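Colleague: First residue of the sequence shown? That's 1295 in the working numbering, and the numbers climb one at a time after it.
Got a structure here, written out as structure tokens. Questions coming.
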Amino acid sequence: MGKDVIIACDFASKEQVFNFLDKFQDEKPFVKIGMELFNAEGPDIVREIKRRGHKIFLDLKLHDIPNTVKKAMAVLSRLDVDMTNVHASGTIAMMEAALEGLTREDGTRPLLIAVTQLTSTSEERMRDDLLINEPMDKVVMHYAMNAKKAGLAGIVCSPLEAEKVHNTCGSDFITVTPGVRFADGDKGDQVRVMTPAEAKKIGSDYIVVGRPITAAEDPVAAYRRCVNEFVG
Ligand code: C5P
1295 MGKDVIIACD FASKEQVFNF LDKFQDEKPF VKIGMELFNA EGPDIVREIK
1345 RRGHKIFLDL KLHDIPNTVK KAMAVLSRLD VDMTNVHASG TIAMMEAALE
1395 GLTREDGTRP LLIAVTQLTS TSEERMRDDL LINEPMDKVV MHYAMNAKKA
1445 GLAGIVCSPL EAEKVHNTCG SDFITVTPGV RFADGDKGDQ VRVMTPAEAK
1495 KIGSDYIVVG RPITAAEDPV AAYRRCVNEF VG
């Protein structure tokens, strides 16, 4: 599995994202485009960033009836993204439909991963709002197994869960982990964080890093530091 650092390009406009990406002259980082940028600029932003030679994780977290998700995924597959995602809570049938929609005629497809429980959902909210009376850990591992059963490549999870996910679902099941901070950096609103070096040690396959790179004084240096700690 190709370990890599994915930069979360949480920008509101095309100008902002290109202003940021223009700083990278010697490397073409893997970038994550979320719903803010995608909804602001539309699918052209994906084509343009792709044309510049970047790999793209399109983070739209689809969750709808299987047929709708399948058709939406077929469109995203034609956009030639490298990785995209759905909510595992949409059920195994929905994840299977997503995978089917994403698979191109020649059998290739972007990596499809699932969101289990959002890290913003506490065990209390899960119990009282969602009526799920199980420990968070058990729910996350169950959703991860569902994603595996549906044929997905992996899940998004906290770096603190990555090791257990690999133990439960196998070492080739991909873990994509946000919540990464430098040891000497600002945590911002993230609570459960790990450094790139720690994420490497516990076996994360991809780390998603936003503000420690995008808000750094020297984003290229911060990116290189991440790569050195995580991959190097
Ligand atoms: O700036 P920061 O490094 O916190 O960015 C992390 C990125 O990962 C953001 O795009 C955020 O939406 C995303 N993410 C997360 N936690 C999750 C799922 C996604 O931080 N559980």
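Using N, Cα and C, we set each Cβ at its ideal position, and we do this for glycine too.
It should be emphasised that the depicted structure is a prediction, and the values quoted were computed from it without experimental measurement.
Closer than 8 angstroms is the cut-off here; do at least three beta carbon pairs connect the region 1469–1479 with the region 1425–1437?
Modeller: They do not touch, by the three-pair rule.
Colleague: When the Cβ atoms of the region 1385–1398 are set against those of the region 1412–1419, are three or more pairs found closer than 8 angstroms?
Modeller: no
Colleague: Select from Y1500, G1347, T1378 the residue whose C-alpha is nearest the C-alpha of L1356.
Modeller: T1378
Colleague: Who are the near neighbours of G1384 in its chain, counting only those whose CB is closer than 6 angstroms to its CB and skipping five residues on each side?
Modeller: H1357
Colleague: Regarding A1302 and the ligand C5P, is the C-beta to nearest heavy atom distance less than 7 angstroms?
Modeller: yes
Colleague: Any heavy atom of the ligand C5P inside 7 angstroms of the beta-carbon of P1490?
Modeller: P1490 has its CB no nearer than 7 angstroms to any heavy atom of the ligand C5P.
Colleague: Is I1359 helix, strand or coil by DSSP?
Modeller: The answer is coil: DSSP assigns I1359 none of H, G, I, E or B.
Colleague: Closest to A1302 by C-alpha separation, out of V1325, L1354, M1430, would be which residue?
Modeller: V1325
Colleague: Look at the alpha carbon of N1522 and the alpha carbon of M1488, and state the distance between them as a whole number of angstroms.
Modeller: Rounded to whole angstroms, the gap between the alpha carbons of N1522 and M1488 is 15 angstroms.
Colleague: Counting only the same chain and skipping the five closest in sequence on each side, list residues whose C-beta sits under 6 angstroms from that of I1300.
Modeller: F1324, K1326, F1351, Y1500, V1502
Colleague: Whole angstroms are fine: how far does the CA of A1515 sit from the CA of E1321?
Modeller: 12 angstroms
Colleague: From which residue to which residue does the beta strand (DSSP E) around D1298 run?
Modeller: 1298–1302
Colleague: Compare the C-alpha of R1463 against each of T1508, P1453, I1449, V1340 and name the closest.
Modeller: In the sequence under discussion, the amino acid at residue 1463 is Cys, which differs from the Arg named in the question. Taking only the C-alpha atoms, the option nearest C1463 is I1449.
Colleague: Out of P1506, E1309, V1311, A1491, which one is the CA nearest neighbour of F1524?
Modeller: A1491
Colleague: Hey, is T1469 close to the ligand C5P, as in C-beta under 7 angstroms from one of its heavy atoms?
Modeller: no
Colleague: Would you mind sorting I1343 into buried or exposed? The rule is 16 or more other CB atoms within 10 Å of its CB.
Modeller: buried
Colleague: Kindly give me the distance between the Cβ atoms of A1447 and I1407, rounded to whole angstroms, as I take these residues to be in contact under 8 angstroms.
Modeller: 6 angstroms
Colleague: Can you give, in chain order, each stretch of the alpha helix (DSSP H) that sits fully within the region 1497–1522 and has at least 4 residues?
Modeller: With a minimum length of 4 residues, the unbroken runs of alpha helix (DSSP H) contained wholly in the region 1497–1522 fall at 1505–1508.
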